[in-house]
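In our numbering, the protein residues as written are 908 to 1013.
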């Protein structure tokens, strides 16, 4: 079954303990609902740098990544449907970029 990369953009980092608990519960429920499709839960990421032939920019570019997950799905349409359940998408604080992982032999 193909793998799909979810790259999270945006979102917020709660500071209130009740908000932290609610956020963690929402992500936990979403991951649990994915069942065996959840291949690599991933993690949030810190400050990103953009490296190009023109140099290095330390602001992550126009839409910096805030985390990632790898899932398994039958199609990109199925993966996109799963991404719609992301807590950041539901609460409007962020988005999920979905891309198929292409395996190559090295």
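No residue lacks a Cβ here, since even glycine has one placed at the ideal position from N, Cα and C.
9 Å or more divides the Cβ of residue 978 from the Cβ of residue 969. DSSP lists 916 as the bridge partner or partners of residue 1002.
Proximity of the stretch 957-967 to the stretch 923-930 falls short of the contact definition, fewer than three beta-carbon pairs being nearer than 8 Å. Considered as a whole, the stretch 921-952 harbours 945-951 as its complete beta strand (DSSP E) runs of no fewer than 3 residues, in chain order.
Annotation for residue 937: 992, 993, 994 place their beta carbon closer than 7 Å to its own, counting only its chain and skipping 5 residues before and after.
Burial check for residue 953: the Cβ neighbour count within 10 Å stays below 16, so the residue is exposed. Under the DSSP definition of a beta bridge, residue 978 partners with 911, 945. Taking 9 Å as the cut-off, the beta carbon of residue 917 is found no closer than this to the beta carbon of residue 982. C-alpha of residue 915 to C-alpha of residue 930: approximately 15 Å in a straight line. Distances from the alpha-carbon of residue 957 to those of 966, 950, 949 put 966 closest. Nearest Cα to residue 955 within the set 944, 973, 949, 947: 973.
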